[in-house]
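*Asks:* Residues in the sequence shown are numbered consecutively from 35, following my numbering. Where a beta carbon is used, it is the ideal one built from N, C-alpha and C, also for glycine. Quick caveat: nothing in here was measured; it's all calculated off a predicted structure.
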Amino acid sequence: MPQNFIRGDVDQGFLLPPDVRDWLPDGELAWTVKDAVDSFDLSGFKRSYRANGQGAAAFDPALMVAVLLYAHAVGVRSSRAIERHCVRDVAFRVLAGNRVPDHATIARFVTRHRQPLQELFAQVLRVCHEAGMVRLGVIAVDGTKIAANASWSKNHTSASLAHQVAEEQARYDQLAAELLDEQTRIDAAEDAEHGDDRGDELPPPLRRRAERLARLKEAKQRLDDEQAAAVAEQEVRKAEWQRRKDAGTRRGAQPGEHPPGRNPDKDKPPRANATDPDSRTMRGGRGLVQGYNAQAAVTEDQLIVGQTLTQAATDAHQLFPVLDDAAEQLNQAGIEETPDTWVADAGYANEETFTEAETRGLRLLAPMISDERRAAGEDPAGDKPLTSRPATARAQDRLRTPEGTEKYALRGRTVEPVFGQIKDRQGLRQLLRRGLQNAKTEWSLACTVHNLRKIHAHRLATA
């Protein structure tokens, strides 16, 4: 008797047309993503396409959005990797309807629809609200540094950038002349030379030179603008000091000749990155990072209700931009409830922030020292006299109460784990795209799919 095996016959055709819905079991994350996308208003995407249907057919925005959201949710962020998964991965094939958008189409879709992709955050938040998942009691705010797609070794001073711009411009001009001469000799082979391109683009070598030259010029211009702004601000300080002196109300030392941190004889010259000029050098949890400062406002259930991304190196003045962003996104999601308490770590604590919070009628809990020092039993104010900072003193008094201590303790188990989930599950430890606007889109997508994962967990728990 022959051995009894279940064999896989690759030559066996389907007896009936296949239904991709039979390929993926219930309870998979892909179904949650598809259901959410089916409820979205995608008019922001569709407006960029011709209403009369002329031209080549484009992939349905619902298909592209579903594939993108699921890809980011499972840590697949490269457009080439997404294309491969649309061939090999069942969940991707289900969401793509057995279609395979190529990597160039995926990349162009993200670039073309940056704003609508960012607006998906509020639509997912609305789905969370409809599922009864949004509880706005205590909201924790924090920031995390995310590395840019930029080389640390490409941070240059203004003098270095000026030298590189001159060299690159000379190379560009030389290469342009050589390539233009060559193109006149190979018109007959133009199709083979350019492939699917129109044929009127810059040749690839010249295109790369032009992009590099543009980035170098942008980095140099940024340093020049910052230097000019610092000098102008220093002149204002000196004029104000002189005015007070003449009026007999002088306070403090006379401002120096050079802006703070920009004395060419003492200070290191500022630098800009030639790979991603929008990125900044920041201090993260593991040392210096060339990247961006990502901010999030998170509920007790680890739902993100507000998010933004900034070039600011510290959190000192980022609280209210995050709060305003959260208020706008909650309003777009149709959520009228307002938070009871906001909590933030010592990086946000300063007299200006506490004063603004009181002006807005917000209950803000933030210590003046690190959580490690508070856990060791130190006073939240660090035993510093706060007679000249009344709003800070009142905030620290609130934090000393049992209720304040209990609510502030929520911060450590709400917002910080969210950053860990985004970086580990979604793989967002470094951005793929360059430039501030592209970075904002990536961070917005990360927060959107984090909430989608929460919806999926909620559906499984309540099934």
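Taking all protein chains shown into account, do 16 or more other C-beta atoms lie within 10 angstroms of the C-beta of Gly340, making it buried, or fewer, making it exposed?
*Replies:* Numbered from 1 along the sequence shown, position 306 holds the residue referred to as residue 340. Buried, by the Cβ-count rule.
*Asks:* If you follow the beta strand (DSSP E) that Leu433 is in, where does it begin and where does it stop?
*Replies:* Along the sequence shown, read from residue 1 onward, the residue named residue 433 stands at position 399. From DSSP, Leu433 is part of no beta strand (DSSP E) but of the alpha helix (DSSP H) over 424-434.
*Asks:* I need the DSSP call for Gln460, collapsed to helix, strand or coil.
*Replies:* In the sequence shown, the residue the question calls residue 460 occupies position 426. Reduced to three states, the DSSP call for Gln460 is coil.
*Asks:* Do the region 321-336 and the region 260-274 make contact, defined as three or more Cβ pairs closer than 8 Å?
*Replies:* Too few Cβ pairs lie closer than 8 Å, so no.
*Asks:* Classify Ala409: buried if its beta carbon has 16 or more other beta carbons within 10 angstroms, exposed otherwise.
*Replies:* As a working mapping, residue 409 is identified with position 375 in the sequence shown. So Ala409 ends up on the exposed side.
*Asks:* Return the chain-ordered list of same chain residues with a C-beta closer than 6 Å to the C-beta of Ala391, the five sequence neighbours on each side being excluded.
*Replies:* Taking the first residue of the sequence shown as 1, we reach residue 391 at position 357. So the qualifying residues of the chain are Leu398.
*Asks:* Which partner residues of Gly87 appear in the DSSP bridge assignment?
*Replies:* Start at 1 with the first residue of the sequence shown, and residue 87 comes out as number 53. Its beta-bridge partners do not exist; DSSP assigns none.
*Asks:* Which residue comes first and which comes last in the beta strand (DSSP E) that contains Thr342?
*Replies:* By 1-based counting over the sequence shown, the position of residue 342 is 308. Taken as a continuous stretch (DSSP letters only), the beta strand (DSSP E) holding Thr342 covers 338-344.
*Asks:* When the Cα of Arg468 is compared with those of Thr393, Thr309, Thr482, Pro298, which residue comes out closest?
*Replies:* Numbered from its first residue, the sequence shown carries residue 468 at position 434. Ranking Thr393, Thr309, Thr482, Pro298 by Cα distance to Arg468 puts Thr309 first.
*Asks:* Return the chain-ordered list of same chain residues with a C-beta closer than 7 Å to the C-beta of Ala497, the five sequence neighbours on each side being excluded.
*Replies:* Numbered from 1 along the sequence shown, position 463 holds the residue referred to as residue 497. Within the same chain, Ala497 has no close Cβ partners at all.
*Asks:* I believe Val158 touches Thr482 by the beta-carbon criterion, under 8 Å. Please report the beta-carbon distance rounded to the nearest angstrom.
*Replies:* The residue given as residue 158 occupies position 124 in the sequence shown. The residue given as residue 482 occupies position 448 in the sequence shown. At roughly 5 Å, the Cβ-Cβ gap stays under 8 Å, so Val158 and Thr482 are in contact.
*Asks:* First and last residue of the beta strand (DSSP E) that includes Thr482?
*Replies:* Counted from its first residue, the sequence shown places residue 482 at position 448. First-last for Thr482: 470-496, but that is the alpha helix (DSSP H), not the beta strand (DSSP E).
*Asks:* What do you get for Ala222, buried or exposed, if any count of 16 or more other CB atoms within 10 angstroms of its CB means buried?
*Replies:* Working through the sequence shown from its first residue, we reach residue 222 at position 188. With a pLDDT of 49 at Ala222, under the threshold of 50, the modelled position of that residue is not reliable, and no figure is offered here.
*Asks:* Let me know the secondary structure DSSP gives Val161 once reduced to three states.
*Replies:* The sequence position of residue 161 within the sequence shown is 127, counting from 1. Helix.
*Asks:* Is Ile173 near Val67, with beta carbons less than 8 Å apart?
*Replies:* The residue labelled residue 173 in the question sits at position 139 within the sequence shown. The residue labelled residue 67 in the question sits at position 33 within the sequence shown. Going by C-beta atoms, Ile173 is not nearer than 8 Å to Val67.
*Asks:* Curious, which full-length alpha helix (DSSP H) runs of at least 4 residues does the region 308-378 contain?
*Replies:* Qualifying alpha helix (DSSP H) stretches, in chain order: 353-366.
*Asks:* Considering Ala64, what are the terminal residues of the alpha helix (DSSP H) in which it resides?
*Replies:* By 1-based counting over the sequence shown, the position of residue 64 is 30. Counting along the chain, the alpha helix (DSSP H) containing Ala64 begins and ends at 63-72.
*Asks:* With 16 other CB atoms within 10 Å as the buried threshold, where does Thr178 fall?
*Replies:* Taking the first residue of the sequence shown as position 1, residue 178 is located at position 144. Thr178 comes out buried.
*Asks:* Buried or exposed for Val265, going by 16 or more other Cβ atoms inside 10 Å?
*Replies:* The count along the sequence shown starts at 1 and reaches residue 265 at position 231. So Val265 ends up on the exposed side.
*Asks:* Where Ala346 and Ala138 are concerned, what is the direct C-alpha to C-alpha distance, given to the nearest angstrom?
*Replies:* Taking the first residue of the sequence shown as 1, we reach residue 346 at position 312. Taking the first residue of the sequence shown as 1, we reach residue 138 at position 104. Cα to Cα, Ala346 sits roughly 32 Å from Ala138.
*Asks:* With a CB to CB cut of under 6 Å and the five nearest residues on each side skipped, what residues in its chain are close to Arg317?
*Replies:* Here residue 317 corresponds to residue number 283 of the sequence shown, with the count starting at 1. For Arg317, where only same-chain residues beyond five positions count, there are no Cβ hits under 6 Å.
*Asks:* Please identify the residue among Met98, Leu170, Arg118, Asp72 whose C-alpha is closest to the C-alpha of Asn365.
*Replies:* Along the sequence shown, one-based indexing puts residue 365 at 331. It is Leu170.
*Asks:* Straight-line CA distance for Ala330 to Val175?
*Replies:* Residue 330 sits at position 296 when you count from the first residue of the sequence shown. Residue 175 sits at position 141 when you count from the first residue of the sequence shown. Distance between the alpha carbons of Ala330 and Val175 is about 6 Å.
*Asks:* Taking only the alpha-carbon atoms, compute the straight-line gap between Gln55 and Arg133 and give it to the nearest angstrom.
*Replies:* Walking along the sequence shown from the start, residue 55 turns up at place 21. Walking along the sequence shown from the start, residue 133 turns up at place 99. Sequence inspection shows Arg at residue 55; the Gln mentioned does not correspond to that position. Their backbone Cα atoms lie some 14 Å apart in a straight line.
*Asks:* Once the 5 residues before and after Phe126 are set aside, which same chain residues still bring their CB inside 6 Å of it?
*Replies:* In the sequence shown, residue 126 corresponds to position 92, counting from 1. Correct list, in chain order: His119, Cys120.
*Asks:* Report back the beta-carbon spacing between Arg114 and Gly368 to the nearest angstrom; my notes put them in contact at under 8 Å.
*Replies:* Position 80 of the sequence shown holds residue 114. Position 334 of the sequence shown holds residue 368. No, Arg114 and Gly368 are not in contact; Cβ-Cβ is about 38 Å, not under 8 Å.
*Asks:* Assign Trp186 to buried or exposed, taking buried as 16 or more other Cβ atoms, counted over all protein chains shown, within 10 Å of its Cβ.
*Replies:* As a position in the sequence shown, residue 186 is number 152, starting the count at 1. Result: exposed.
*Asks:* How would you write the range of the alpha helix (DSSP H) that Lys80 sits in, first residue to last?
*Replies:* Here residue 80 refers to the residue found at position 46 of the sequence shown. Lys80 -> alpha helix (DSSP H) spans 77-80.
*Asks:* Please check the pair Glu117 and Pro135, which I expect to be a contact at CB under 8 Å, by giving their CB distance rounded to whole angstroms.
*Replies:* By 1-based counting over the sequence shown, the position of residue 117 is 83. By 1-based counting over the sequence shown, the position of residue 135 is 101. Rounded, the Cβ-Cβ distance is 7 Å, consistent with contact.
*Asks:* Would the beta-carbon of Ala350 fall within 8 Å of that of Tyr382?
*Replies:* As a first step, residue 350 must be located in the sequence shown, where it is residue number 316. As a first step, residue 382 must be located in the sequence shown, where it is residue number 348. Yes, they are a contact pair.
*Asks:* Quick one: any contact between the region 471-486 and the region 141-151, if contact means 3 or more CB pairs under 8 Å?
*Replies:* With the cut-off at 8 Å, the region 471-486 and the region 141-151 touch.
*Asks:* Tell me the rounded alpha-carbon separation between Glu534 and Pro436.
*Replies:* Since the first and last residues shown for the chain are 35 and 497, residue 534 lies out of range.
*Asks:* Which of the three DSSP states is assigned to Ala130 in this structure?
*Replies:* Position 96 of the sequence shown holds residue 130. It is coil, neither helix nor strand.
*Asks:* If you follow the alpha helix (DSSP H) that Ile116 is in, where does it begin and where does it stop?
*Replies:* Here the question's residue 116 lines up with position 82 in the sequence shown. Segment 113-122, the alpha helix (DSSP H) holding Ile116.
*Asks:* With Val110 as the anchor, note down where its beta strand (DSSP E) starts and where it stops.
*Replies:* Residue 110 sits at position 76 when you count from the first residue of the sequence shown. No beta strand (DSSP E) contains Val110, which DSSP labels as neither H nor E.
*Asks:* I'd like the span of the alpha helix (DSSP H) that includes Thr191, first residue to last.
*Replies:* Along the sequence shown, read from residue 1 onward, the residue named residue 191 stands at position 157. Thr191 -> no alpha helix (DSSP H), and no H or E assigned at all.
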